[in-house]
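Remarks on the structure that follows.
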Amino acid sequence: MKKDTKQQRANIVNKTLFYIYKNIDTNISLEELAKLNSVSKYHFHRIFKEETKQNLFDFITSIRLQKAANLLITNQYSTISEIANMCGYSSHSSFIKAFKQKFSYTPTAWRKSGHKEYSKNLIGEHRRFDKIDIKIEVSKERFCAYIRHKGYDKSISKTWQKLKALAYEYNLKEYKEIALHHDNPTITPLNECNYVAAIEVPKDFKSNISTLEIPKTLCAVFKLKGVYGDVLAFLRYVYHYWLPSSGYEATTLPSYVIYHKNHFLNEDNQFDLTFYLPVKVIY
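Have a look at this one:
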């Protein structure tokens with residue numbers, strides 16, 4: 001496969017995934033995704049399946065249910081039907097059936113306490129972060145070049161190393177290292193998590209690397225230092241304990257971190273980061 005073809009296919013997948021996450025509350029069609037990428041429906045569907053090893057609509061369904069599972073935890077004042085609609089389900093009964101099939105709990109049981117047991121089986125016991133510094137502020141928009149990574153584990157370091165090498169090739173000397181968490185790894189099996197390693201670039205940046213925009217939005221902002229493994233425990237605290245009683249609800253926008261010290265690039269496994277969680281006020 002030629003280098004240009006490989007890059008083109010990667011750009012199609014990256015643009016598609018970002019579009020799906022951004023518009024997960026809508027009825028996403030094969031036609032609109034093919035049009036988005038300026039290719040035929042057949043060509044698009046074949047590329048997506050070959051590059052991701054997943055069926056397109058199975059993938060979309062999985063994202064819908066993962067988003068719903070997270071919102072059922074964090075958005076205590078939204079009804080199950082409202083959350084189903086936020087994640088692209090128009091039928092209440094079909095949502096309940098699909099949710100139970102994936103998570104082995106009904107949405108009601110999941111919201112009550114099922115998510116805690118499910119999370120415990122994935123990443124172990126709960127830890128508290130009560131003394132952490134938290135602010136509510138409007139985050140600015142950011143433009144990023146990025147590489148997508150499948151799974152949440154130490155193999156992410158290879159993706160960061162590759163991105164750092166690309167920054168060197170494009171003569172980017174000073175930049176922020178940013179990671180987007182499309183999935184909540186405390187309720188999504190780590191090997192299924194979609195992680196994005198990114199570096200902030202000028203708005204007019206031109207390259208063959210895929211780019212994205214993090215929109216200006218209201219965020220809960222947390223500052224955290226620790227070692228590899230602490231992030232998972234922290235995320236569970238934020239989503240399962242802090243957010244439900246905070247007076248705010250999560251949106252469908254992905255959370256992200258800005259690394260001041262990146263544990264995926266440091267041999268001591270230590271990190272220093274600021275975590276941004278898009279939220280809306282409960283009236």
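Under the UniProt record's numbering, think of the first position of the sequence shown as 1, with each following residue one higher.
By construction, the Cβ of each residue, glycine as well, lies at the ideal position given by its N, Cα and C atoms.
As assigned by DSSP and simplified to three states, the class of residue i
| i | result |
| --- | --- |
| residue 194 | strand |
| residue 284 | With the chain running from 1 to 283 in the structure shown, residue 284 is simply not present. |
| residue 4 | helix |
| residue 186 | coil |
| residue 9 | helix |
| residue 115 | helix |
| residue 207 | coil |
| residue 126 | coil |
| residue 120 | helix |
| residue 240 | helix |
| residue 232 | helix |
Paired residues, beta bridge with residue i - DSSP
| i | result |
| --- | --- |
| residue 220 | 136 and 277 |
| residue 271 | 226 |
| residue 250 | 279 |
| residue 199 | 145 and 177 |
| residue 212 | 144 |
| residue 150 | 194 |
Residue i Cβ short of 7 Å to the ligand NAD heavy atom set
| i | result |
| --- | --- |
| residue 104 | As far as ligands go, the structure on display features none, and thus does not contain the ligand NAD. |
Proximity of residue i and residue j at Cβ, strictly below 8 Å
| i | j | result |
| --- | --- | --- |
| residue 264 | residue 157 | yes |
| residue 300 | residue 250 | The structure shown does not extend to residue 300, since the chain is modelled only from 1 to 283, so the question has no answer here. |
| residue 285 | residue 72 | Look at the range of the chain in this structure, 1 to 283, and you will see that residue 285 is not part of it. |
| residue 256 | residue 214 | yes |
| residue 244 | residue 180 | no |
| residue 178 | residue 219 | no |
| residue 199 | residue 247 | no |
| residue 175 | residue 201 | yes |
| residue 44 | residue 33 | yes |
| residue 69 | residue 95 | no |
| residue 182 | residue 21 | yes |
| residue 216 | residue 140 | yes |
| residue 189 | residue 232 | no |
| residue 36 | residue 16 | yes |
| residue 332 | residue 109 | With the chain covering 1 to 283 only, the question about residue 332 has no answer from this structure. |
| residue 28 | residue 60 | yes |
| residue 252 | residue 12 | no |
| residue 85 | residue 210 | no |
Within-8 Å CB hit, residue i to chain B
| i | result |
| --- | --- |
| residue 143 | Protein chains in the displayed structure number just one, and chain B is not present. |
| With a cut-off of 8 Å, do at least 3 Cβ pairs link the segment 203-211 to the segment 121-128? | no
| task | Decide if the segment 142-152 is in contact with the segment 188-204; the criterion is three or more beta carbon pairs, one per stretch, under 8 Å apart. | result | yes
| request: Could I get the ranges of all uninterrupted alpha helix (DSSP H) runs contained in the segment 153-183, with 4 residues as the minimum, in chain order? | output: 156-169
| Does the segment 259-274 come close enough to the segment 237-246 that 3 or more CB-CB pairs lie under 8 Å? | no
| Touching or not, the segment 42-58 and the segment 87-107, by the rule of three or more beta carbon pairs under 8 Å? | no
| task | Entirely within the UniProt domain "HTH araC/xylS-type" (14-113) and at least 4 residues each: give me those alpha helix (DSSP H) ranges in chain order. | result | 30-36, 41-52, 56-74, 80-86 and 92-103
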